[in-house]
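Written out below as structure tokens is the structure these notes cover.
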Amino acid sequence: MKLLVCGGAGFIGSNFVRIRVREHGDDVVVLDKLTYAGRRENLHDVIDDVRFVHGAIEDPSAVADAIDGVDAVVNFAAETHVDRSIAEPDAFVTTNGQGTYVLLEAARKAGVRYVQVSTDEVYGSIEEGSFTETSPLQPSSPYSATKTGADLLVLSYFHTYGLETLIARGSNNYGPYQYPEKLIPLMVLNALHGDKLPVYGDGMQVRNWLYVTDFGRGIGHVLEQGAAGEVYNVGGPDECPNIEVVKRIVSATGNDDSLIEYVTDRPGHDRRYSLSSEKLRGLGWEARVHFAEGLQQTVDWYRENTWWWEPIRSGDYREYYERQYGRALG
Ligand code: NAD
Ligand code: DAU
Numbered sequence: 024m025k026l027l028v029c030g031g032a033g034f035i036g037s038n039f040v041r042i043r044v045r046e047h048g049d050d051v052v053v054l055d056k057l058t059y060a061g062r063r064e065n066l067h068d069v070i071d072d073v074r075f076v077h078g079a080i081e082d083p084s085a086v087a088d089a090i091d092g093v094d095a096v097v098n099f100a101a102e103t104h105v106d107r108s109i110a111e112p113d114a115f116v117t118t119n120g121q122g123t124y125v126l127l128e129a130a131r132k133a134g135v136r137y138v139q140v141s142t143d144e145v146y147g148s149i150e151e152g153s154f155t156e157t158s159p160l161q162p163s164s165p166y167s168a169t170k171t172g173a174d175l176l177v178l179s180y181f182h183t184y185g186l187e188t189l190i191a192r193g194s195n196n197y198g199p200y201q202y203p204e205k206l207i208p209l210m211v212l213n214a215l216h217g218d219k220l221p222v223y224g225d226g227m228q229v230r231n232w233l234y235v236t237d238f239g240r241g242i243g244h245v246l247e248q249g250a251a252g253e254v255y256n257v258g259g260p261d262e263c264p265n266i267e268v269v270k271r272i273v274s275a276t277g278n279d280d281s282l283i284e285y286v287t288d289r290p291g292h293d294r295r296y297s298l299s300s301e302k303l304r305g306l307g308w309e310a311r312v313h314f315a316e317g318l319q320q321t322v323d324w325y326r327e328n329t330w331w332w333e334p335i336r337s338g339d340y341r342e343y344y345e346r347q348y349g350r351a352l353g
């Protein structure tokens, strides 16, 4: 299959490209703007096997170049960090909204299948039970609101134009190549450096952890076997409160709990996410990696791959961190 993977230089996109090239022998074109979160390094071992187009999904000419001759589009490209969306929502509207529109138009003209990579955050927070694909959409943050808008636009292209669209909504991903603004890599790198571990609020918010290769394979199932116009949840096998995640990282890095620091809560912080993935299981998908195993693999990966994160920790990230947490990295 010849695939256009938008946002393929980011965390989940690069893991997906690796799976498609190595396990499926796909011919892959990557279109990526290379924002702070997108890095060629994320594709270091497959970069010679793909065609890389440096450009933005909201730029119709870059998209027209990249989409030429492909069988399907998978869109990972997005602004993805909730805290950044609270501080500066602008880029979220442009990329997640306008960018998705430009891609849909290009897919419509080319007449190709379109998979939108979406998130459990479109459903908002749930105290008990799990969201299904028919649960109401109640996003809380500018990030999740722009992702929700994009999902609705994608569905409209199926209903109005008959474009073969599909949506895969994932829960919280973790694993190699995740930028250290997100909970797990931030805590792992801080713990390895003896920096404080900033836990928002009471730390009792619950996330539904999904190993990144399980999400990548789930998206592959949706791409190959999903029914046009449908939405599929892709949830992780385990849920865990943030404070327990952090304590496990403390222990896996040989530290003690004195590194933990409770800090001001995130505004509008969703308390709990939980997805039911029965519909995707019906297509034969199953998450393979449990949280205990995946977290240990992730800690090991960051410990062993200093080449990947050293340039991040010594670059602009230091300024981001100081702005966000009001303290410098050690
Ligand atoms: P990421 O921030 O690591 O990567 C995003 C990628 O998109 C980067 O390579 C970046 O350069 C690229 N990009 C950003 N704006 C662009 C633009 N305008 N044009 C082209 N490329 C652009 O994100 P991620 O965590 O890998 O998330 C990928 C997708 O999966 C997103 O759509 C996100 O909403 C969704 N998702 C993420 C999670 C998670 O836990 N991280 C869970 C469910 C769904
Ligand atoms: O649920 C899927 C979503 O998961 C994706 O759609 C988003 O792109 C992705 O960023 C992620 O969103 P979260 O807000 O859940 O992830 P984050 O890693 O930012 O935070 C996870 C939890 O940890 C959340 O409850 C906030 C908390 N947290 C986070 C950071 C960065 C802290 O307590 N301290 C921190 O320093």
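The working numbering puts the first residue of the sequence shown at 24, with every later residue one more than the last. Cβ atoms here follow ideal geometry from the backbone N, Cα and C, with glycine treated the same way. Model, not experiment: these values are computed from the prediction.
The C-alpha of His216 is placed about 18 Å away from the C-alpha of Val268.
If you look at Trp232, you'll find it in the beta strand (DSSP E) that goes 229-234. Separation of Thr117 and Asp72 (C-alpha to C-alpha, rounded to the nearest whole angstrom) is 30 Å. Cβ contact annotation for Pro290 (same chain, cutoff 8 Å, sequence separation greater than five): Ile109, in chain order. Secondary structure of Tyr200 (DSSP, three-state): coil. Distance from the CA atom of Leu298 to the CA atom of Ile149, rounded to whole angstroms, is 10 Å. In this structure, Ala89 lies near Leu27, with their beta-carbon atoms less than 8 Å apart. In this structure, the beta-carbon distance from Asp261 to Trp232 falls below 8 Å. Beta-carbon to beta-carbon, Leu175 and Ala130 are separated by about 16 Å, too far to satisfy the 8 Å threshold.
By the rule of a C-beta closer than 6 Å to any heavy atom of ligand 2, the residues picked out are Thr103, His104, Val105, Thr142, Asp143, Glu144, Ser194, Asn195, Lys205, Leu206, Leu209, Pro221, Val222, Tyr223, Gln228, Arg230, Asn265, Arg289, Tyr296. DSSP, reduced to helix, strand and coil, places Phe75 within a strand of the structure shown. Looking at the DSSP output, Pro264 sits in a beta bridge with Val229. Distance from the CA of Asn213 to the CA of Thr329, rounded to the nearest whole angstrom, comes to 13 Å. In the three-state reduction of the DSSP assignment, Gln139 falls in the strand class, which pools E and B. Thr276 is the residue among Phe314, Leu57, Thr276, Glu46 whose C-alpha sits nearest the C-alpha of Leu220. Here Glu284 has Lys219, Pro221 as same chain residues with Cβ atoms under 6 Å from its own Cβ, once five neighbours each way along the sequence are excluded. Using a cutoff of 7 Å, the CB of Cys29 counts as near ligand 1, since one of the ligand's heavy atoms is closer than that. If you look at Arg192, you'll find it in the beta strand (DSSP E) that goes 188-193.
Only buried fits Thr171, as 16 or more other CB atoms lie within 10 angstroms of its CB. Using a Cβ distance threshold of 8 Å, Thr321 and Val211 count as a contacting pair.
Shortest Cα-Cα distance from Tyr197 to any of Tyr340, Leu127, Ser37 involves Ser37. Here the distance from the Cβ of Leu54 to the nearest heavy atom of ligand 1 is below 7 Å.
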